[in-house]
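*Asks:* So that we are looking at the same thing, I have put the structure below in structure tokens.
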Amino acid sequence: YNFIRRQTGEGRQVFIICPLVEESDSLQARAATVEFEHLSAEVFPDLQLGLLHGRMKAGEKEAVMRRFYQGTLDILVATPVVEVGIDVPNATVILIESANRFGLSQLHQFRGRVGRGEHQSYCILIAETSSEAGAERLKAIEELQDGFKLAEKDLELRGPGEFFGTRQSGLP
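Position one of the sequence shown corresponds to residue -19 (the numbering used here), numbered consecutively onward.
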């Protein structure tokens, strides 16, 4: 949070990604709504934060993204809805909570949300729980920048899934 504060102090903007919209009894992962409330009230009360998730109405989502794009929001707390199609050159940090819950291609897409401007950018991955497979995915995203090589690594780690079924990973 100190690093984020320094970045916003220099006029930069930050994405904070959470895998869930709301807390879940069955999944132990960060929820965007809870994180937004916590960060707004306790961590960054002096900064302008926005919340973006897929359950919001289209007009609400558009208004929040416009404010972030125009620079009136310092931090955007969001779910994976920002994975593609978001271009904010002033955003230099993306912090991904529960990063071990995301696949390699999704992490690569998130990482692509920053580094679009002239300033140095940073992608911070936080894993709440560790598994061997999750650790291997995070190591791959740290070491590989090429999307094609990441896709190959993902295939190696997860398997192709079923070609004519519904399973998206594992051996056929």
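For each residue, glycine too, the CB sits at the ideal point set by N, CA and C. Note that the coordinates shown come from a computational prediction; the quantities given were computed from them, not determined experimentally.
Where does Thr72 sit, in a helix, a strand or coil, going by DSSP?
*Replies:* strand
*Asks:* Got a sec, what are the start and stop residues for the alpha helix (DSSP H) Ile(-16) sits in?
*Replies:* Asn(-18) to Gly(-11)
*Asks:* Quick one: residues in its chain with C-beta nearer than 7 angstroms to the C-beta of Asp126, no 5 flanking neighbours on either side, listed in chain order?
*Replies:* none
*Asks:* I'd like the list of long-range same chain contacts for Leu108, defined as Cβ closer than 6 angstroms, with 5 residues on each side in sequence excluded.
*Replies:* It should be pointed out that residue 108 corresponds to Glu in this sequence rather than to Leu. So the qualifying residues of the chain are Ser78.
*Asks:* If you follow the alpha helix (DSSP H) that Ala120 is part of, which residue opens it and which one closes it?
*Replies:* Glu112 to Glu123
*Asks:* Could you tell me whether the Cβ atoms of Ile74 and Phe(-5) are closer together than 9 angstroms?
*Replies:* Against a cut-off of 9 angstroms, the Cβ pair of Phe(-5) and Ile74 comes out as a contact.
*Asks:* Count the other CB atoms within 10 Å of the CB of Arg35; is the residue buried (16 or more) or exposed (fewer)?
*Replies:* exposed
*Asks:* Report yes or no: do three or more beta-carbon pairs, one from the segment 88 to 101 and one from the segment 61 to 68, lie closer than 8 angstroms?
*Replies:* At 8 angstroms Cβ cutoff, the stretches touch.
*Asks:* Taking the alpha helix (DSSP H) that Phe48 belongs to, which residues open and close that run?
*Replies:* Ala38 to Gln50
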